[in-house]
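S.K.:
Number of protein chains: 2
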Amino acid sequence: MNKLYVVGIGPGGGESMTLQARQILESCDTIVGYTVYVELLKSQFPDKEWLTTPMRRETERCRIAFENAQRGRKVAMVCSGDAGVYGMAGLMLELSPGYPDCEVEVVAGVTAALSGAAALGAPLMHDFAVISLSDLLTPWETIERRLRCAAVADMAICLYNPASRKRADYLQRACDILLETLEPERTCGLAARLGRKGESCEVLTLAQLRERPVDMFTTVFIGNSQTKTVGGKLVTPRGYPI
Amino acid sequence: MNKLYVVGIGPGGGESMTLQARQILESCDTIVGYTVYVELLKSQFPDKEWLTTPMRRETERCRIAFENAQRGRKVAMVCSGDAGVYGMAGLMLELSPGYPDCEVEVVAGVTAALSGAAALGAPLMHDFAVISLSDLLTPWETIERRLRCAAVADMAICLYNPASRKRADYLQRACDILLETLEPERTCGLAARLGRKGESCEVLTLAQLRERPVDMFTTVFIGNSQTKTVGGKLVTPRGYPI
Numbered sequence: 184m185n186k187l188y189v190v191g192i193g194p195g196g197g198e199s200m201t202l203q204a205r206q207i208l209e210s211c212d213t214i215v216g217y218t219v220y221v222e223l224l225k226s227q228f229p230d231k232e233w234l235t236t237p238m239r240r241e242t243e244r245c246r247i248a249f250e251n252a253q254r255g256r257k258v259a260m261v262c263s264g265d266a267g268v269y270g271m272a273g274l275m276l277e278l279s280p281g282y283p284d285c286e287v288e289v290v291a292g293v294t295a296a297l298s299g300a301a302a303l304g305a306p307l308m309h310d311f312a313v314i315s316l317s318d319l320l321t322p323w324e325t326i327e328r329r330l331r332c333a334a335v336a337d338m339a340i341c342l343y344n345p346a347s348r349k350r351a352d353y354l355q356r357a358c359d360i361l362l363e364t365l366e367p368e369r370t371c372g373l374a375a376r377l378g379r380k381g382e383s384c385e386v387l388t389l390a391q392l393r394e395r396p397v398d399m400f401t402t403v404f405i406g407n408s409q410t411k412t413v414g415g416k417l418v419t420p421r422g423y424p425i
Numbered sequence: 184m185n186k187l188y189v190v191g192i193g194p195g196g197g198e199s200m201t202l203q204a205r206q207i208l209e210s211c212d213t214i215v216g217y218t219v220y221v222e223l224l225k226s227q228f229p230d231k232e233w234l235t236t237p238m239r240r241e242t243e244r245c246r247i248a249f250e251n252a253q254r255g256r257k258v259a260m261v262c263s264g265d266a267g268v269y270g271m272a273g274l275m276l277e278l279s280p281g282y283p284d285c286e287v288e289v290v291a292g293v294t295a296a297l298s299g300a301a302a303l304g305a306p307l308m309h310d311f312a313v314i315s316l317s318d319l320l321t322p323w324e325t326i327e328r329r330l331r332c333a334a335v336a337d338m339a340i341c342l343y344n345p346a347s348r349k350r351a352d353y354l355q356r357a358c359d360i361l362l363e364t365l366e367p368e369r370t371c372g373l374a375a376r377l378g379r380k381g382e383s384c385e386v387l388t389l390a391q392l393r394e395r396p397v398d399m400f401t402t403v404f405i406g407n408s409q410t411k412t413v414g415g416k417l418v419t420p421r422g423y424p425i
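Taken in order, these protein sequences are the chains called D and Z. Sequential numbering of the first sequence, starting at 184, is according to my numbering. Sequential numbering of the second sequence, starting at 184, is according to my numbering.
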């Protein structure tokens with residue numbers, strides 16, 4: 184059996200990686216990934232074979248990983264953040280029946296919801312929803328319904344993929360849906376490029392968020408009804424008596 | 184300024200910890216935590232001062248951390264999984280204005296939703312909700328509303344604290360609420376004691392989950408309408424064409 188690893192490298196691919204992820208990457212001879220994330224790792228792991236495909240070539244990327252494992256290479260597929268949250272773990276497992284001599288192991292990492300929350304304070308201390316605004320693979324109506332339900336449920340919300348060049352107004356559209364239920368003063372936050380050059384954090388209201396241009400390297404947080412700022416940090420109380 | 188760290192140690196406190204978490208724990212002289220999690224770490228970090236409080240003494244635990252930092256100790260408060268998901272990050276930040284000479288830094292870790300998902304396959308590949316069934320600090324009506332909204336939104340759901348000695352039937356009650364919306368055959372999963380003795384995973388239907396006794400060391404996953412099993416693993420497709 185040829186074992187392949189799908190490894191979440193955390194934000195930035197540096198010291199936010201788990202010890203297990205680092206050990207696995209050190210032990211592999213071939214690392215497969217999205218071009219941008221592979222660049223974050225190359226200097227840390229010399230002497231590896233690096234195989235990349237660009238965005239929207241994910242299925243091909245997975246097949247390259249399986250084919251190299253079949254050739255006896257020790258392969259890791261790397262994903263930014265966690266392999267199992269909008270990463271490649273699912274697609275690798277879906278394709279695995281076509282490669283019966285290969286076995287896929289998923290290695291969890293710190294996803295942007297967690298790293299962004301830590302940088303902002305503690306906005307996800309209570310129940311929360313994680314929703315991607317990308318409609319490349321999901322009908323926009325489904326995304327709208329999930330936003331409405333999360334707002335009605337009074338859950339904190341973490342938004343992935345809030346914008347791209349072709350989807351410049353998606354975060355604004357999402358804010359308009361949330362504003363049907365939530366007050367404009369609702370406490371929100373942004374975390375961008377954590378662990379990379381240009382890292383930044385910002386606390387703002389939902390009304391301000393609606394007007395704020397963001398890019399695809401930004402993770403967005405919308406507080407629940409109890410979320411507040413303490414010393415500039417975003418905090419959603421769990422409810423402990425203090 | 185006395186800097187304190189609130190550190191998520193991942194599941195089990197072993198190699199699922201991030202490199203950053205490990206470096207910080209190595210550099211501290213005092214580690215504060217819940218009795219059970221501190222036991223997982225003691226053998227790995229000799230020569231530390233260990234300070235613990237039991238469950239339901241969380242505020243006292245945080246104050247001990249601040250008071251030791253004020254005395255010039257280099258302090259880390261440790262939390263199982265991630266510090267920012269049902270951990271101590273929020274309470275530490277809420278208490279921080281009382282200790283103006285102290286600064287709190289949150290260090291993210293792999294929370295049980297991510298480690299459990301990886302062990303089961305990839306159930307959280309698409310939008311999901313994280314909900315705790317503990318009503319110690321949250322009215323049960325709020326929990327019910329969040330369960331109903333997450334089910335209507337067709338999000339995958341991850342349940343924390345599904346049971347305890349005093350709340351033996353809470354998972355059953357949650358399943359009954361979900362069964363108002365979801366079919367009994369809905370694909371679900373359980374992950375228990377990851378990274379510790381007695382680690383286990385199980386794939387089952389929502390109807391079976393309703394009848395399944397679980398304990399407080401178990402994390403529960405309810406798939407969305409697309410979730411399926413592939414080679415015994417739980418997979419929620421993202422939607423990539425294959």
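From the three backbone atoms N, C-alpha and C, an ideal C-beta is built for every residue, glycine too. The structure displayed is predicted, hence computed values, not measured ones.
1. Check each candidate in L392(D), E209(D), M275(D) and name the one with the smallest Cα separation from Y353(D).
2. Taking beta-carbon pairs under 7 Å, can you tell me which members of the stretch 404-415 of chain Z lie near chain D?
3. Closest by CA to R205(D), which one among T218(D), Y188(D), D310(D)?
4. Contact criterion: CB-CB distance below 8 Å. Does V215(Z) meet it with respect to chain D?
5. Taking the straight line between their C-alpha atoms, what separation do you get for E324(D) and T410(Z)?
6. Inspect the CB distances between the stretch 219-233 of chain D and the stretch 324-334 of chain D and report whether three or more fall short of 8 Å.
7. CB-CB under 6 Å to K231(D), same chain, minus the five flanking residues each way: which ones, in chain order?
8. When DSSP labels each residue in this structure, what does V403(Z) get in the three-state scheme?
9. Can you have a look at E243(D) and say buried or exposed, based on whether 16 or more other CB atoms are within 10 angstroms of its CB?
10. Between which residues of its own chain and M308(D) is the CB-CB distance below 6 Å, once the five residues before and five after are set aside?
11. Could you tell me if the beta carbon of I425(Z) falls within a distance shorter than 7 Å of some heavy atom in the ligand NAP?
12. In angstroms with no decimal places, state the Cα-to-Cα distance between D265(Z) and A302(D).
13. Going by alpha carbons, who is nearest to G406(D) out of V397(D), S263(D), K380(D), P367(D)?
14. Distance check for E385(Z) and R329(Z), CA to CA, integer angstroms please.
15. Using a beta-carbon distance below 8 Å, is C358(D) in contact with chain Z?
16. When you compare the CB positions of A272(D) and L316(D), do they come within less than 8 Å of one another, or not?
17. Determine the extent of the beta strand (DSSP E) in which E232(D) is found, giving its start and end residues.
18. On a Cα-Cα basis, can you pick out the residue from L365(D), V190(D), L202(D), V268(D) that is closest to M338(Z)?
19. Alpha carbon to alpha carbon, how far is F249(Z) from G270(Z)?
20. Would you verify that the beta carbon of D265(D) is, or is not, closer than 8 Å to some beta carbon of chain Z?
21. Output the residue ranges of the beta strand (DSSP E) runs that lie fully inside the stretch 336-364 of chain Z and measure 3 residues or longer, sorted by chain position.
22. Consult DSSP for S263(D) and reduce its assignment to one of helix, strand or coil.
23. By DSSP, does A305(D) sit in helix, in strand, or in coil?
24. Thinking just about the alpha-carbon of each residue, which of M238(Z), E394(Z), G197(Z), V403(Z) is nearest to the one in G292(Z)?
25. Against L180(D), what residues of chain Z qualify as contacts under a CB-to-CB distance less than 8 Å, listed in chain order?
26. Quick check on the DSSP output: the beta strand (DSSP E) that includes E385(Z) runs from which residue to which?
27. Just mark I207(D) as buried or exposed, buried being the case when its beta carbon has 16 or more other beta carbons within 10 Å.
28. Taking all protein chains shown into account, do 16 or more other C-beta atoms lie within 10 angstroms of the C-beta of P237(Z), making it buried, or fewer, making it exposed?
29. Are T201(D) and S408(Z) touching if we call contact CB-CB under 8 Å?
30. Alpha carbon to alpha carbon, what distance is there between N344(Z) and P194(Z)?
31. Could you name the residues of the same chain whose beta carbon sits closer than 7 Å to that of Y282(Z), not counting the 5 residues immediately before and after it, in chain order?
32. Check whether chain D comes within 8 Å of M200(Z), counting only Cβ atoms and requiring the distance to be less than that.
33. Flag E250(D) as yes if its beta-carbon sits less than 8 Å from any beta-carbon of chain Z, otherwise no.
34. If you draw a straight line from the C-alpha of A305(D) to the C-alpha of R240(Z), how long is it?
35. Between which two residues does the alpha helix (DSSP H) harbouring C245(Z) extend?
36. Quick one: list the residues of chain D neighbouring F311(Z), beta-carbon separation under 9 Å, in chain order.
M.R.: From the atom records:
1. L392(D)
2. V413, G414
3. Y188(D)
4. no
5. 19 Å
6. no
7. I214
8. strand
9. exposed
10. T419, R421
11. No copy of the ligand NAP appears in this structure; indeed no ligand is present at all.
12. 13 Å
13. P367(D)
14. 25 Å
15. no
16. no
17. 232-236
18. V268(D)
19. 16 Å
20. yes
21. 339-343
22. coil
23. strand
24. G197(Z)
25. Residue 180(D) is absent from the model: chain D starts at 184 and stops at 425.
26. 383-388
27. buried
28. exposed
29. no
30. 15 Å
31. F249, Q253
32. yes
33. no
34. 20 Å
35. 241-253
36. V268, A312, V313, I314
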